[in-house]
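Respectively, the protein sequence lines represent chains A and B.
Its first residue numbered 1, the first sequence is counted upward by one per residue in my numbering.
Its first residue numbered 1, the second sequence is counted upward by one per residue in my numbering.
Even glycine gets a Cβ: it sits at the ideal position worked out from N, Cα and C.
Bear in mind the structure is a predicted one, so any value in this text is a computation, not a measurement.
Taking it in order: structure first as structure tokens, then the write-up.
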Amino acid sequence: MSATAHHQDNDFLFKYIFSTDHKMIAKQFFLTGSFMGLIGMLMSSIFRLQLGYPGESFPFLESFMGGWAPDGVLSPDKYLALVTLHGTIMVFFLLTAGLSGTFSNLLIPLQLGARDMASGFMNMLSYWFFFLSSCVMIASIFVEGGPASGGWTIYPPLSALPEAVPGSGMGMTLWIISMALFIVSSLLGSLNYIVTILNLRTKGMTMTRMPLTIWAFLVTAILGVLSFPVLFSAVLLLFFDRSFGTSFYLSDIYIAGQALEVEGGSPILYEHLFWFLGHPEVYIILLPALGITSEVVATNARKPIFGYRAMIGSILAIGFISFLVWGHHMFITGMNPFLGAVFTFTTLLVAIPSAVKVFNYLTTLWKGNIRFTPAMLFAIGLVSTFITGGLTGIILGDSALDINVHDTYFVVGHFHIVMGLSGTFGMISGIYHWFPKMYGRVMNKSLGYIHFWATIVTAYGIFFPMHFLGLAGVPRRYYANTEFPMFNEMYDINELITVFAIIAVASQGIFIFNIFYSMFKGQKSPQNPWESTTLEWTTPVEHIHGNWPGELPEVHRWAYDYSKPNIEEDFVPQTVPLREGEEDENH
Amino acid sequence: MMNLLIIAAIVLGIIALSKVVKVLEKASTVRGENTYTPTDKENKTQALLMPIFLLVYFAFIAWQLVAWGDRMLPMAASEHGIVIDKLMDTTWIIITPVFIVTHILLFYFAWKYAYDKNRKAQFFAHSNKLEMLWTAIPALVLLILILYGLSIWNDTMEPLTAEDEPVEIELYARQFDWTARYPGEDGKFGTADVRLIEGINMLGLDSTDENAWDDKYVKAEFVIPVNRPVQFYFRAQDVIHSAFMPHFRAQMNCVPGMTTRFNFVPTMTTAEMQEHLGDPEFHYQLLCNKICGAAHYNMGMEIKVVSEEEYIAWLAEQNEFLKVEGNTNTTAQTESNSQPSQGAEEVSSL
């Protein structure tokens, strides 16, 4: 130890485990988040089997799930457990921590020209709280009664009363502990991102020269700082109700043969607190994905992103409006109809900045010179899913229309496309694009092509038909659609969705293989493989502490000088000084 | 043994795949290409796949419309439902062209502007005119949709008054069934309290309250008259449930500790809807649409819409609260002498 004490970065423990280097922490978030995502995805394929083939026996399920699937048939309460964990894991662990944790950590210092995050130690703590949170969430699967089973929104009283569903016992307690740890992680990370972006920009990197990725990460972090504490208070009160006999959310309840001694609480209070986080959370997922897309589209279309300032404006507008729309999840909870009207108004406003973003992406492609890297394919896929899913949001956000599609498969289809697919497409696009920055090697592009086409085809195959189920009135979170004659005839739709789901899961195997293959055997990357303008491609391929070997680079222009007229190269890095007579596009 | 073989096969497969990929990468390096920038051929192939995908996507949607179109909910069977369906149609008419046009542009541009090393992209960074245009147009369209939607929302949620002479029904939800309660001759619901739930009195009605004496409650199916406003009150016993009546475009959560409301005017009797659909088995359905526990998927009740006369006759046949055996002895203080299981049977045989 003595020899390495002065060079902690050489020490295995401090290089790979308790690293304070943002690049290593990004890789840690990437691997942990993706592992959680893999578990969440496999869970969905298990409950899809039940939905596609209700009541049919799959003996292999019993062989590894035991009592969860007696005789190979998933039991109803464990179905709910899987649905709950799938939602929780995908929303929080994959698309919040996995997405922001990976790319905010990797790109914020690199694209701003900073040596590291403002506080490397806080950054390390952020990861380890996340790791602990993941462990607790996984552990909750194995406790008596099973994991939380009240849906990822864990509305009380269902989540407060172990008598109501077995998962609301120990499993729910662990869920709350896990989320508390998660929120700590998220706050440590977000505060760090904000401070770094505001204070550690290199010389010349004004706010309006920052790449759109950084703008997206900044607004995402602000949303997280403002909304996650509210979730914390919501689950803390729930914890009190469950463990200390308070009744913040409980009132007039009779269950398991007796009336409970609870009075005066309101489950609606919980819903307000939850969705005050819950809706900004959607944009905590979407904005980084859109930021990544902006970068990938501009680079590969060899063209400046269209309407840079309008893009910043729409990110800010989306972030602001996202705090004023939570009530659209609660139109039919018994909330005052006047409030419903207000929330309809604010909700539909979100469509305006979203439309601006879509049109700007389309114009960026127009007369571009498009290189179809796998990252670019996923970015184009994101624009498609963002449109498809966004438009059905206009139906769901309209309170009068929401009455009949609320909590049906229409909603499931909508948010899986606009949030789930857009979020994952953005993340996957980022992985293909910045893999060389993480591992010094390039991912195999042929496998990337197969991965993309298999993914987008099966993704639409899974989620598009769900709109039809919803319009037929099929509620979500049903263990089987066999109990009501009006849903019996839907069996073939459900079977089709399940078949697509299984192919989709299988084709992610290609991606996983590609990640590990490329990590160890992939082609070594040059310094700037995509011929990109931003600062991260001016660092050495091999990771070093402090990112740049000598002085920090100085920035002379905005991030989107692609195909600038009168210049031979089709890109000009931000570090290149303006030529005589040349004007910075954005100043 | 079998599992071991499967694992071995997977491991060998992965190794083999690695080798194949490595060989292919080596081969392209030998051809003088780098393995990360797409080659001309790859750019061309991927570009071509763009419009092909678009066609497949559109064809898939069209196929779904044709194959499943007739399985969607039939025409609304309530007054406000018909209005809501019109709003839905209008919304589809607005968003479908947007969907089609933006998708065509997206995949057309992707195909048309595929990489060509002899060409340079057009440096086109912004245009205030264009950006104003596509901020203003969506804003205008959304404003219309918002105003249209809100007027319908306000009408739908408008509470009924005594002048509307509504039929009043309380829907009571618990794990995992529904009970519908009618106020009886006096038109007043008796008070209820979870602490009074005992034996057959599973609504917790207060038998010392005169208003409760003639209340009537039914399970499995409830009946409402056509063309008359129905005022629903919703309560829940244990967790949140949601009363979803899709054919009437009606839904409201049932929340423990509070009473929620919804009202609508049914416009088609069950018999009329059966005839309209050509399905003599058809029944209107009340479903639970808020996750409430293991048997959530099986928590329903049938709704029968009949003429006013049939409704009055049906209601007259139902037992009043005090006349149901078991309730006579139930008061706030004394204990019921009926067994819960026996009570349940009697209610379901109503």
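Worksheet item: Taking the DSSP output, what are the residues bridged to B/S242?
Response: B/N253
Worksheet item: Using DSSP with H/G/I as helix, E/B as strand and the rest coil, what is B/S78?
Response: strand
Practice prompt. Anything in chain A within Cβ reach of B/T91, meaning under 8 Å, just list it in chain order.
Written response: I394, I395, D398, L401
Discussion item. Less than 8 Å between the C-beta atoms of B/Y404 and A/Y53, yes or no?
Written reply: Outside the displayed span of chain B (1 to 350) sits residue 404 of chain B, for which this structure offers no information.
Practice prompt. Pull up the distance between the alpha-carbon of A/G340 and that of B/T161, whole angstroms please.
Written response: 21 Å
Fill in: 4-residue-minimum alpha helix (DSSP H) runs that sit fully inside the stretch 109 to 167 of chain B, ordered along the chain
128 to 157
Worksheet item: How do the stretch 202 to 218 of chain A and the stretch 154 to 161 of chain A stand: do at least 3 beta-carbon pairs fall below 8 Å, yes or no?
Response: no
Practice prompt. Scan the stretch 282 to 297 of chain B for residues whose Cβ lies nearer than 7 Å to a Cβ of chain A and list them as they occur along the chain.
Written response: Q285, L287, N289, K290, I291, C292, G293, A294, A295, H296, Y297
Fill in: Chain-ordered chain A contacts of B/L150 [CB-CB under 8 Å]
A341, T344, F345, S399, A400
Worksheet entry | Nearest candidate by alpha-carbon position, reference B/L133, set A/G146, A/Y79, A/F359 | A/F359
Worksheet item: Could one say the Cβ of A/I39 lies closer than 8 Å to chain B's Cβ atoms, at least one of them?
Response: no
Item to complete: Spell out whether any CB of chain B is found under 8 Å from the CB atom of A/H406.
Response: yes
Fill in: Reduced DSSP secondary structure (H/G/I, E/B, other) of A/Q28
helix
Discussion item. In whole angstroms, give me the CA-to-CA distance for B/N227 and B/P166.
Written reply: 10 Å
Discussion item. For B/N3, which residues in the same chain have their Cβ closer than 8 Å to its Cβ, ignoring the five residues on either side in sequence?
Written reply: none
Discussion item. Taking the alpha-carbon of A/F345 as reference, which of A/G327, A/G334, A/L187, A/L174 has the nearest alpha-carbon?
Written reply: A/G327
Worksheet item: Which residues in the same chain have their Cβ closer than 7 Å to the Cβ of A/L161, if we skip the five residues on either side of it in sequence?
Response: S168, I255
Discussion item. I'd like to know if A/L16 contacts chain B, where contact means its C-beta is closer than 8 Å to some C-beta of that chain.
Written reply: Per the sequence shown, the amino acid found at residue 16 of chain A is Tyr instead of Leu. With 8 Å as the cut-off, A/Y16 does not count as an interface residue toward chain B.
Fill in: Delimiting residues of the beta strand (DSSP E) encompassing B/V223
221 to 225
Worksheet entry | Where B/R119 meets chain A, residues with beta-carbon distance less than 8 Å | N369
Worksheet entry | Per-residue burial, A/I39 [other beta carbons within 10 Å of its own, 16 or more giving buried] | buried
Worksheet item: Mind checking B/E276: buried by the 16 CB within 10 Å criterion, or exposed?
Response: For the record, residue 276 of chain B in the displayed sequence is His; it is not Glu. Under this definition B/H276 is an exposed residue.
Practice prompt. Would you list the one or two residues that DSSP bridges to A/T408?
Written response: A/P475
Practice prompt. Could you name the residues of the stretch 280 to 291 of chain A whose beta carbon sits closer than 9 Å to any beta carbon of chain B, in the order they occur along the chain?
Written response: none
Discussion item. For a contact defined as C-beta to C-beta under 8 Å, what are the partners of A/R592 on chain B?
Written reply: Limits of chain A in this structure are 1 at one end and 587 at the other, which puts residue 592 of chain A out of reach.
Worksheet item: From B/M57 to A/I456, what does the alpha carbon distance come to, in whole angstroms?
Response: Looking at the sequence itself, residue 57 of chain B is Tyr, so the reference to Met does not match. Going from the Cα of B/Y57 to the Cα of A/I456 covers about 10 Å.
Discussion item. Let me see if you follow: with CB-CB separation under 8 Å, is A/T96 close to chain B or not?
Written reply: no
Worksheet entry | C-beta atoms of B/G187 and B/E320 nearer than 8 Å | no
Worksheet entry | Extent of the continuous alpha helix (DSSP H) to which A/I321 belongs | 308 to 321
Worksheet item: What does a CB cutoff of less than 6 Å around A/F595 pick up in its chain, not counting 5 residues either side in sequence?
Response: The displayed coordinates of chain A run from 1 to 587. Any statement about residue 595 of chain A would go beyond what the structure contains.
Worksheet entry | Where B/E185 falls: helix, strand or coil (DSSP) | coil
Worksheet item: Does the stretch 241 to 249 of chain B come within contact of the stretch 74 to 90 of chain B, defined as at least 3 CB pairs closer than 8 Å?
Response: yes
Worksheet item: Closer than 7 Å, Cβ to any Cβ of chain B: which residues of the stretch 125 to 152 of chain A, in chain order?
Response: G150, G151
Item to complete: Say whether chain A places a C-beta atom closer than 8 Å to the C-beta of B/L352.
Response: The displayed coordinates of chain B run from 1 to 350. Any statement about residue 352 of chain B would go beyond what the structure contains.
Worksheet item: Do the stretch 212 to 223 of chain A and the stretch 117 to 124 of chain A make contact, defined as three or more Cβ pairs closer than 8 Å?
Response: no
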